[in-house]
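Protein sequence lines, in the order shown, are assigned to chains A and F. Its first residue numbered 25, the first sequence is counted upward by one per residue in this note's numbering. Its first residue numbered 262, the second sequence is counted upward by one per residue in this note's numbering.
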Amino acid sequence: MATQTLSSGTPQAGSPGGPEMDVPPPPGKKRSGARVPGERSLAASPSTWFVWAGMAAFFIFLIGILVSVVVDSLGKPWFDTWLPENFATSWYSDAWNQFGMAHIIVVTLIVALTVIVVSVLVGVPAAYLLARRKFPLKRTITLLFLLPVLMPPITYGIPLATVMYNFGLGRTLTAVILVNLVPSIPFVIMTMTPFIEQINPTIEDAARMSGASMRRVFTKILMPLLIPGILAASILVLVRTVGMFELTFLVSGPSSDTLVVAIYRAMTAAGGGEARQLVSSMAVVYTLTMMVILVVALRFISPTQLVARVKESRED
Amino acid sequence: MSSSTVTEATSTSPPKSTASLRHRLAERGVDASLLMLVPALVFALALFVYPFSYGIGLTFQPSPAIQQAWGGGLFANYVAFFKDSFTFDSVWLTMRLALPVAIFNVLASIPVAFKLRQRFRGKKLLTTLVVLPITLGTVLTAQGLLIFAGRQGWLNRFLIQIGLVDQPIAFVNNYWGVVFSLVISGFPFAFLLISSYLSGIDPSIEAAARVMGANWHQRFRRVILPLLAPGLATTSILTFVLAFSVFPSARLVGDAMGSTRVMSLMAFRAFGEQNDYPMASTIAIMMGLVELVVIALVLVWRSSMYKGSTGGKG
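See below:
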């Protein structure tokens, strides 16, 4: 099955979109007729349908999961029928009051924003050096930055949490922020390094030869080129931090729980957990928060075109 | 260490010898700009290296209970880890879950990334939809799976209604529940990474191959795949890490005491429920070791492939 899926992607490897993207089509040539000889048609291939079928199954699961949680959070008794008997919003107000959702959301946002700002400020300069320069111990340092991303969070999370408790930071907001920085900084470095490598170094060389200092090269030349990459990295860090369960769970307490941890605690609380609908409504609030952030972010950048944009912008 | 060399090079030496020393160091790549690395290094040392070494030290300080039960003196924790089949089996249970899921996620996202690379109407919408599940988080996915694919859920209801099955299928609270939840959260992640790497490949390279008469199979095998290999390796590793460290969904949609008793659950049990920090650290570090072996294999494969620019510089 794997190979079948694999090959199915390739027929269109450079299909209609391709020629227009890099080489402007000759004037007068129509889009539909722009197929290169030997190119397969996109729709005819059965393997293409296979991919679409797989994606359809994925979306059915996805939509089913989303809709059933939303319905559940709105439903008053829902047991063995297609839909609940009545709809009401009381689960939301119950959850909001019972769990102090406003506080939890504020904590989540504070943690996420602090982690993003710190990890970008610390990570991008390091990524720049790793992408551009050769220096002693470079391999060791790269490995050091890679390790936290490569290791399961629990592996370093448990020793880290033990240290946090030893320092008396357990269950505080500071501890939550600090543990979340551990995978985030390397993550920024790891996503930004290939991104910086793609930027033509002669641009910087030219600026430097024209007498620009390191700081000017950074602010005037690199920053504009790096913005899409930084935004993408920030979004990924945001998503990872808000969704980060393991590390936060190990050090957080009642006053520093982020939204995911609060939901997990509600689901597994002693005595069979809270009512399913309460958890569902919390989960809906979580998802809505995340989706709003992500959709807003995706309006400004397209994660799949990050590198292409750099290329286009220096088309001469 | 590098930071001390830098300060030496920039400030402390007398002016005359500074020039030559600085020059010599600069030739080897050491100059003031390396200071940009310092903040990241400080964070890495304070928040990763120190706790990690502390944790390793902790594994050699077994609690009296463990020492009594398993013997082995300083190494009692390790003896307990390997001899206690309840603990040791979790290694196999974790691998059985993480490897197939990671491989599936990467292989499935390659064709999808290719499909979504070209221009068509609604591309941005479709991309957003594929990426969206990242935002769901494991906990919501678990809750949704429990409701949607549970015994009373819509999925079973539908399957029974169309007569495909008589009895509700157990999709959740077992191995498959965790697999579903890992695919839903891991596939979009793999897709996002692979399509970023794919768009980093200069299309004109492929166009050149096409002009020279390579068919799609040759282009994929000889041009795209080698250029994509570094990205593919990174993606596989990250996807595997994601699946390997599964924790909440193993508890929530899995069978926490049976087929999905993964290593992170065992580590957390020791940490949070038994308050046996040395044993918890031992399980955690063994978990890291098992995973590093898999990663090392991927890196070995990667080093046998093409290295260098992917042509995005144009």
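We put the beta carbon where it would ideally sit given N, CA and C, even for glycine. Remember, predicted model here, so these are calculated numbers, not experimental data.
Using beta-carbon distances, Ala490(F) does not count as an interface residue toward chain A, since no partner is under 7 Å. In the DSSP assignment, Phe111(A) is bridged to Gly99(A). Listed along chain F, the residues sitting closer than 7 Å to Val146(A) by beta-carbon distance are Pro300, Ala301 and Phe304. Residues of chain F whose Cβ lies closer than 8 Å to the Cβ of Leu202(A) are, in chain order, Leu308.
In this structure, the CA atom of His478(F) is about 15 Å from the CA atom of Ala469(F).
Its chain contains Val139, Val142 and Ser143 as the residues whose beta carbon lies nearer than 7 Å to that of Leu205(A), once the 5 sequence neighbours on both sides are disregarded; these appear in chain order. For Val316(A), the number of other beta carbons within 10 angstroms of its own is below 16, and it is reported as exposed. Taken through DSSP and simplified to helix, strand or coil, Arg418(F) comes out as helix. Annotation: Cβ neighbours of Arg157(A) in chain F (cutoff 7 Å, chain order): Gly290.
DSSP, reduced to helix, strand and coil, places Asn204(A) within a helical segment of the structure shown. In terms of beta-carbon proximity, Phe508(F) lines the interface with chain A, with at least one pair separated by less than 7 Å.
Of the candidates Ala293(A), Thr72(A), Leu274(A) and Leu86(A), the residue whose Cα lies closest to the Cα of Trp415(F) is Leu86(A). Spanning the alpha carbons of Pro252(A) and Ile220(A) requires a straight line of approximately 11 Å.
Annotation note: the segment 416 to 463 of chain F contains the following uninterrupted alpha helix (DSSP H) runs of length 4 or greater, listed N- to C-terminal: 436 to 460.
Taking the C-beta atoms as reference points, Leu283(A) is found nearer than 7 Å to Thr132(A).
Tyr538(F) reaches chain A at Thr186, counting residues in chain order whose Cβ is nearer than 7 Å. Classified as buried, Gln222(A) has 16 or more neighbouring CB atoms from the shown chains inside 10 Å of its CB.
Residue Ser457(F) holds the alpha-carbon nearest to the alpha-carbon of Gly492(F) among Ser465(F), Ser520(F), Ser457(F) and Val514(F).
With its beta carbon less than 7 Å from one in chain F, Tyr288(A) belongs to the interface.
Cα atoms of Leu387(F) and Pro394(F): separation of roughly 12 Å, rounded to the nearest angstrom.
Around Ser258(A), the same chain offers Ile140 and Val144 as residues with beta carbons nearer than 7 Å, after the five sequence neighbours per side are excluded. In the three-state reduction of the DSSP assignment, Met297(F) falls in the helix class, which pools H, G and I.
Selection Met306(A), Pro149(A), Ile245(A) and Ser279(A) evaluated against Ala293(F) yields Pro149(A) as nearest (Cα-Cα). In this structure the segment 515 to 525 of chain F lies against the segment 434 to 442 of chain F, because at least three pairs of beta carbons, one per stretch, are closer than 8 Å.
Per DSSP, the unbroken alpha helix (DSSP H) holding Lys344(F) starts and ends at Ala337 to Lys344.
Pro509(F) is not a Cβ neighbour of Val352(F), given a cutoff of 7 Å.
Secondary structure note for Phe529(F): its alpha helix (DSSP H) is the uninterrupted segment Met524 to Phe529. Below the 9 Å Cβ cutoff, chain A contributes Phe82 as neighbours of Phe448(F), in chain order. Residue ranges of uninterrupted alpha helix (DSSP H) with 4 or more members, entirely inside the segment 459 to 541 of chain F and ordered along the chain, are 464 to 472, 486 to 505, 509 to 513 and 524 to 529.
Where Pro177(A) is concerned, the enclosing alpha helix (DSSP H) starts and stops at Pro177 to Asn190.
Boundaries of the alpha helix (DSSP H) harbouring Ser258(A): Met247 to Gly267, taken from the DSSP string. Nearest C-alpha to Ile134(A) among Leu98(A), Pro183(A), Thr198(A) and Ile182(A): Thr198(A). Pairwise C-beta distances place the segment 269 to 284 of chain A out of contact with the segment 369 to 382 of chain F, as fewer than three of them are shorter than 8 Å.
Assignment of Gly88(A) by DSSP, reduced to helix, strand and coil, places it in the helix class. Look at Phe159(A) here: in three-state DSSP terms it is coil, with no helix or strand label.
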